[in-house]
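Report on the structure given below.
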């Protein structure tokens, strides 16, 4: 078994909690920045901790005890962060929920985690969680009034929090499709956040003297966004919070971040938006020149001579991303190489990363001066990565979760088996070569379990089989086959001619199949839903190698065989 270890740069103290990251900062340090009608308003550590203390006081006054679960549902926002830090500071356990979650997903999370209170962004969401089973207090984010307990009691509760206390339960897709509650302690998240900050010292604490700043748009319901938040507070980064990627694109010029943390999908959106900055007609030539220049820079070969026109276009593109952007940490999915080349030409270094919810999102990461094309970096400090004999990536470190809620099942002993396949090169860089588990990761970093969608689609009488597609792509699609016997009866009843085989373009048939897809989509959030589908002219078979002997889908075979059809689904 091949392995590579990196010594920790930071080891959390036993009595350290996540909220200490801001309470112990210089009170005059800027930690957040709020978007207002008049521009960006900086928030100091003193101002932030005052608001956190007020909400924490309200939570204690409402009877929230250490270990109680508190649900938070809403888009990324300053108010979300206040509620998060407040709950953690009094020993409560935060249960984040995506605002795009379906009613069925919310019901499962509430029934499983049994929160005693919650926060939502809107009154409609508050009604939704009440209908889903939340019977305790539920406040709107930013509206919890100050409580009546003494400040000394709030301080005592914060001082009592220990590194190994449970901090959060993050629901992540399991191989069965039922979301599982991943337990993360204060130590897990602190070890991940602080060691990433120290590894990326030049990103979080630039030697140039220019203060680091970032716009955080990742969902705080996702561990990637939460760990980024804590790392930025721990490092003293000026952090602007925006609710969606669409808001991020419009906020870049006015905020001017020095780095961003996100998923490859965002880089693709920024690259596409560049057409507006330089003009539709000029963009193809600018894009080609940028890719050529960036490729030479990333692979350290001779750079092509750039034209004056490209130089002017490049300055427009730099201005479109705020003028100061130097780094983009990209995790969650694979990145198409030409996109990394494009940004390298704009003096933006893309740092590949790899992580899992069960490892507090941090397994390996590239860094300035240690960034190899095609790799996802070396192990994060304090982490050992090994490659098992069958190629599976194994992980060990302080950031590893203690198990799944409620009984800590699945705890690593001593290795966390990632379910992914990779290799370590001679210099310790990790390369992802495949996935063992049947979980799709879109280019936006969303984990999608295909089986529940496929199972629900197959419930329709006309459907014989369904395979969901979307790995590394912007959204989920599906290939669907029709049951020949059911089709014959349906066609006769509807006057559809099937003499030449399955009428894959018949609108009546497509509407029927669309109903099956709609039923499956009701189970999941929009980000996980099937956006487009194609009906195939014949069913899958064991004989053609499309199914195993036990009739399981051979996904890699189907995706290769129907590559042209799949490309068509993403072609417009």
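In full-length UniProt numbering, the protein residues as written are 1 to 572.
All residues carry an ideal CB built from backbone N, CA and C; glycine is no exception.
The structure displayed is predicted, hence computed values, not measured ones.
Thinking just about the alpha-carbon of each residue, which of 105, 377, 110 is nearest to the one in residue 196? By one-based count along the chain shown, residue 196 stands at place 196. Among 105, 377, 110, the Cα nearest to that of residue 196 is on 377.
Which of helix, strand or coil does DSSP assign to residue 230? What you label residue 230 is simply residue 230 of the chain shown in a count that begins at 1. Three-state result, residue 230: helix.
Roughly how many angstroms separate the alpha carbons of residue 2 and residue 455, rounded to a whole number? If you number the chain shown from 1, residue 2 lands on position 2. If you number the chain shown from 1, residue 455 lands on position 455. C-alpha separation (whole angstroms): 38 Å.
Quick one, which of 151, 108, 129, 80 has its alpha-carbon nearest residue 90's? Here residue 90 refers to the residue found at position 90 when the chain shown is read from its first residue. If we check each option's Cα against that of residue 90, 151 comes out closest.
When we look at the beta-carbon of residue 398 and count the other beta-carbons within 10 Å, is it buried (16 or more) or exposed? For the purposes of this step, residue 398 is taken as the residue at position 398 of the chain shown. Residue 398 should be labelled buried.
Limits of the alpha helix (DSSP H) - the one that residue 393 falls within: For the purposes of this step, residue 393 is identified with residue 393 of the chain shown, where counting begins at 1. Unbroken run through residue 393 is the beta strand (DSSP E), 392-397; no alpha helix (DSSP H).
Got a sec, what are the start and stop residues for the alpha helix (DSSP H) residue 80 sits in? If you number the chain shown from 1, residue 80 lands on position 80. Counting along the chain, the alpha helix (DSSP H) containing residue 80 begins and ends at 78-89.
Tell me the DSSP secondary structure of residue 351 in three-state form. Position 351 of the chain shown, counted from the first residue, corresponds to residue 351. Note: residue 351 maps to strand in three-state DSSP.
Using only alpha-carbon positions, find the residue among 134, 482, 359 that is nearest to residue 538. Residue 538 sits at position 538 when you count from the first residue of the chain shown. Selected option, being the one with the closest Cα: 482.
Is the CB-CB distance between residue 243 and residue 75 below 7 Å? Locating residue 243 in the chain shown gives position 243, counting from the first residue. Locating residue 75 in the chain shown gives position 75, counting from the first residue. Yes, the pair counts as a contact, with Cβ atoms nearer than the cut-off.
With 16 other CB atoms within 10 Å as the buried threshold, where does residue 568 fall? On the chain shown, residue 568 is found 568 positions in, with the first residue counted as 1. Per the 10 Å Cβ criterion, exposed.
Quick one: is residue 319 buried, meaning 16 or more other Cβ sit within 10 Å of its Cβ, or exposed? Counting from one through the chain shown, the residue named residue 319 turns up at place 319. Counting the other CB atoms within 10 Å of its CB gives residue 319 a total below 16, which places it among the exposed residues.
Beta carbon of residue 65: closer than 6 Å to some heavy atom of the ligand GDP? What this structure holds is no ligand at all, so the ligand GDP is not there to describe.
Residue 137 - containing beta strand (DSSP E), residue span: Counting from one through the chain shown, the residue named residue 137 turns up at place 137. First-last of the beta strand (DSSP E) with residue 137: 137-140.
Could you tell me if residue 335 is buried or exposed, where buried requires 16 or more neighbouring beta carbons within 10 angstroms of its beta carbon? Looking up residue 335 in the chain shown gives position 335. The residue in question, residue 335, is buried, as its Cβ has 16 or more Cβ neighbours within 10 Å.
Report the option in 541, 516, 110 whose CA atom is closest to the CA atom of residue 531. On the chain shown, residue 531 is found 531 positions in, with the first residue counted as 1. Taking only the C-alpha atoms, the option nearest residue 531 is 516.
Given residue 41, which residues of its chain have a CB within under 7 Å of its CB, disregarding the five upstream and five downstream residues? Residue mapping note: residue 41 aligns to position 41 of the chain shown, counting from 1. Excluding sequence neighbours, residue 41 sits near 33, 34.
Label residue 175 either buried or exposed according to how many other C-beta atoms from any shown protein chain fall within 10 Å of its C-beta, with 16 as the threshold for buried. One-based indexing of the chain shown puts residue 175 at position 175. Note on residue 175: pLDDT 37, under 50, position unreliable in the model; the coordinate value appears next. Answer is exposed; the Cβ neighbour count stays below 16.
Is there at least one Cβ from chain D nearer than 7 Å to residue 397's Cβ? In the displayed structure, chain D is absent; only one protein chain is listed.
Write down the C-beta distance between residue 190 and residue 170 rounded to the nearest angstrom, noting that I regard them as a contact closer than 8 Å. By 1-based counting over the chain shown, the position of residue 190 is 190. By 1-based counting over the chain shown, the position of residue 170 is 170. About 15 Å separates the two Cβ atoms, so there is no contact after all.
Per-residue burial, residue 544 [other beta carbons within 10 Å of its own, 16 or more giving buried]: Along the chain shown, one-based indexing puts residue 544 at 544. Result: exposed.
With three or more C-beta pairs closer than 8 Å as the rule, is the segment 121-130 touching the segment 51-63? no
Helix, strand or coil for residue 331, going by three-state DSSP, please let me know. Taking the first residue of the chain shown as 1, we reach residue 331 at position 331. If DSSP states are grouped into helix, strand and coil, residue 331 belongs with coil.
Please return the same chain residues whose Cβ sits closer than 8 Å to the Cβ of residue 44, not counting the five positions on each side in sequence. Translated into the one-based positions of the chain shown, residue 44 becomes position 44. Excluding positions up to five away in sequence, the list reads 27, 28, 29, 30, 31.
Rounded to the nearest angstrom, what separates residue 509 and residue 503 at their Cα positions? Taking the first residue of the chain shown as position 1, residue 509 is located at position 509. Taking the first residue of the chain shown as position 1, residue 503 is located at position 503. Cα to Cα, the separation comes out at about 8 Å.
With 16 other CB atoms within 10 Å as the buried threshold, where does residue 396 fall? In the chain shown, the residue the question calls residue 396 occupies position 396. The residue in question, residue 396, is buried, as its Cβ has 16 or more Cβ neighbours within 10 Å.
Starting from the C-beta of residue 350, find all residues in its chain whose C-beta is less than 6 Å away, skip the five residues before and the five after it, and write them out in chain order. Position 350 of the chain shown, counted from the first residue, corresponds to residue 350. Excluding residues within five positions, the ones whose Cβ falls inside 6 Å are 328, 330, 340, 343.
Thinking just about the alpha-carbon of each residue, which of 306, 132, 417 is nearest to the one in residue 358? Taking the chain shown and counting its residues from 1, the one referred to as residue 358 is at position 358. For the residues 306, 132, 417, the minimum Cα distance to residue 358 belongs to 417.
Work out the CA separation of residue 541 and residue 550 for me, nearest whole Å. Position 550 of the chain shown, counting from 1, holds the residue named residue 550. Position 541 of the chain shown, counting from 1, holds the residue named residue 541. Residue placement at residue 550 is flagged as unreliable, the pLDDT there being 49, under the threshold of 50; a coordinate-derived value is accordingly withheld.
The segment 301-310 touching the segment 253-264, judged by at least three CB pairs closer than 8 Å: Below 8 Å, too few C-beta pairs join the segment 301-310 and the segment 253-264 to call them touching: fewer than three.
DSSP bridge partner residues for residue 3 (one or two, in chain order): Translated into positions along the chain shown, residue 3 becomes position 3. DSSP lists 386 as partners of residue 3.
DSSP state of residue 320 mapped onto helix, strand, coil: As a working mapping, residue 320 is identified with position 320 in the chain shown. DSSP places residue 320 in helix when its eight states are reduced to three.
Can you tell me which residues form a DSSP beta bridge with residue 404? Here residue 404 corresponds to residue number 404 of the chain shown, with the count starting at 1. Per DSSP, 182, 409.
When the Cα atoms are used, what is the spatial distance from residue 478 to residue 97? Residue 478 sits at position 478 when you count from the first residue of the chain shown. Residue 97 sits at position 97 when you count from the first residue of the chain shown. So the alpha carbons of these two residues sit roughly 27 Å apart.
Which residue from 441, 571, 492 puts its Cα closest to that of residue 528? Position 528 of the chain shown, counted from the first residue, corresponds to residue 528. Considering only alpha carbons, the answer is 441.
Can at least three beta-carbon pairs, one atom from the segment 228-240 and one from the segment 196-211, be found at a separation below 8 Å? yes
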